[in-house]
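Data block below; observations after.
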Amino acid sequence: MGYTPRQIAVRAQETAWRMLSTLDREHVVLRFVESYVRENNRLGIRAQAENHREFLETIRRECLLEMVTHLDSELPKRLGFLSRSPARAARGKKTGKKDGKAPARRSAAKARSKTARQLIAERQILELFREEFYVALGKALHWDQEDLDAFWRDREVYERLKPPEKRKLGRGKFAALPSGPFADRCGFLLDPSLLEFARRAAARFRIELHTLASAILAASFVRRRDN
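Under the working numbering, the first residue of the sequence shown is numbered 134, with each subsequent residue one higher.
Quick look at the structure:
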């Protein structure tokens, strides 16, 4: 698999720190709000953002939830863990005599056993990354256990209700509204009185957050493997 547990832990911690640093250093949330204000002439929202730090922090939390959800789907691919079926992995070229069914069955069973062990090992690596990631995220944000538990519950909601990745946003006045928890929750926080516009803006912003999350994860794995 290429990485030791220590290397996985270090990269998980770096990913958490990079994510927070990128959001804050590049003013990602503020730029999103400013863009929405300009496009929709909603100057009252700008005043709210300038005077209420909690407003931006709440949207930032939703951004973290969306980025972490996307990160979780990207992580197996980044580690080279391709989803596979044990039955498919056990298939091979048919060789030998026609009556060689017993050796073939033993070979297939061995392949299935090896695949099962590999899947268990991969799952352990993924769980280690996630554990170290959340610990680092909680420390950086000065969360207590209650805060972390609340974030994790919301994270499960995001995972359960996330929309299909290939779904395209419609255009025009009567196009279907974008779906998913980020569009709903971020849109409502941003501008509840113009919820349709806010949800569409949040859905577009979601794509930017995915790009950021993928780049952050990739950057954490660029470093040398001996540290």
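Positions of the beta carbon are idealized from the N, C-alpha and C atoms, including for glycine.
Around the Cβ of GLY313, a 10 Å sphere holds 16 or more other Cβ atoms; the residue is buried. ALA145 is not a Cβ neighbour of LEU281, given a cutoff of 9 Å. The C-alpha of VAL355 lies about 42 Å from the C-alpha of LEU327.
Put simply, of GLU147, ALA149 and LEU189 the residue whose alpha carbon is nearest the alpha carbon of LEU322 is LEU189. One alpha carbon belongs to ALA331, the other to VAL166, and they sit about 10 Å apart.
Scanning the segment 249 to 297 for uninterrupted alpha helix (DSSP H) segments of 4 residues or longer gives 278 to 294, listed from N- to C-terminal end. Residue environment: SER353 is assigned as buried (16 or more neighbouring CB atoms within 10 Å of its CB, all protein chains considered).
Nearest in C-alpha terms to GLN257, of all of LEU208, HIS343, ARG293 and GLY177, is LEU208. Going by DSSP, PRO209 is part of the alpha helix (DSSP H) stretching over 186 to 211.
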